[in-house]
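Peer 1:
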Amino acid sequence: ETGVTQTPRHLVMGMTNKKSLKCEQHLGHNAMYWYKQSAKKPLELMFVYNFKEQTENNSVPSRFSPECPNSSHLFLHLHTLQPEDSALYLCASTRTSTDNEQFFGPGTRLTVL
Amino acid sequence: QQQVKQSPQSLIVQKGGIPIINCAYENTAFDYFPWYQQFPGKGPALLIAIRPDVSEKKEGRFTISFNKSAKQFSLHIMDSQPGDSATYFCAASQDSSGSARQLTFGSGTQLTVLP
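Those sequence lines, one after another, are chains A and B.
The first sequence begins at 1 in our numbering and counts up by one.
The second sequence begins at 1001 in our numbering and counts up by one.
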């Protein structure tokens, strides 16, 4: 595997389900990011982790819970989501938190019924 | 203050045409302006980027024009090809004194290049 991978690629869940999104980067980077991408809207930064420590939480509802066990893996735990949370969730990484170029994974297409 | 406004929302050109996508920003502290290209089913990928100390940057068929006084920048695609059909996002970021750089994205332009 190369670059940034995300699993699953597609997820359909009910409002009462609990699920998790996984991201893995194979680039040796130290910073990882979660974004939400909705149609015709700018990408919304959700969380930033630097060396496994969360450094940014952009007012994300608590029904989204991130976890970063090491610099290569990032999870987004989901529970009691709303239909408006349906979107493409993108993971990205950078070599350091101050680097400009972000490398994105292919995303997880989430549908909340 | 943190917004980046992108236009048009969608664009259709013939093969060989020169599509132009425009972005405007308000925050004069922004010091890095990238363009990302996203194909269906893929994440965005960095295409080209510019800093405000230059007015133009070319990489292959892709050119960024930057107007610091107008706080605008644009992407030009020369001799466009059907394979360039994708969604293009402009973005901007600023130095955050050691904190993580955060990219502020435009809303995207869906480009279709007809054969």
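The beta carbon of each residue, even a glycine, is placed where N, CA and C say it ideally should be.
1. Output, in chain order, the set of chain A residues within a Cβ distance shorter than 7 Å of Lys1058 (chain B).
2. By DSSP, does Pro1082 (chain B) sit in helix, in strand, or in coil?
3. Smallest Cα separation from Thr98 (chain A): which of A:Val48, A:Lys22 and A:Arg109?
4. Ends of the beta strand (DSSP E) at Gln1038 (chain B)?
5. Alpha carbon to alpha carbon, what distance is there between Ile1021 (chain B) and Thr16 (chain A)?
6. With burial defined as no fewer than 16 other Cβ atoms inside 10 Å of the residue's Cβ, what is the status of Asp85 (chain A): buried or exposed?
7. Under 9 Å, do Ser1111 (chain B) and Val1004 (chain B) count as touching if we go by C-beta distance?
8. Out of B:Leu1114, B:Val1113 and B:Gly1108, which one is the CA nearest neighbour of Pro1008 (chain B)?
9. If I follow the unbroken beta strand (DSSP E) through Lys18 (chain A), where does it start and stop?
10. Is the CB of Asp1079 (chain B) under 9 Å away from at least one CB in chain A?
11. When the cut-off is 9 Å and only beta carbons count, does Lys121 (chain A) lie next to chain B?
Peer 2: Taking the geometry as given:
1. Chain A residues near Lys1058 (chain B): none, gap ~18 Å exceeds 7 Å.
2. helix
3. A:Val48
4. Phe1033 to Gln1038
5. 42 Å
6. buried
7. One point to set straight first is that residue 1111 (chain B) is Leu, not Ser, in the sequence displayed. No. Outside cutoff.
8. B:Gly1108
9. Lys18 to Gln25
10. no
11. Any question about residue 121 (chain A) goes unanswered here, given that chain A covers just 1 to 113.
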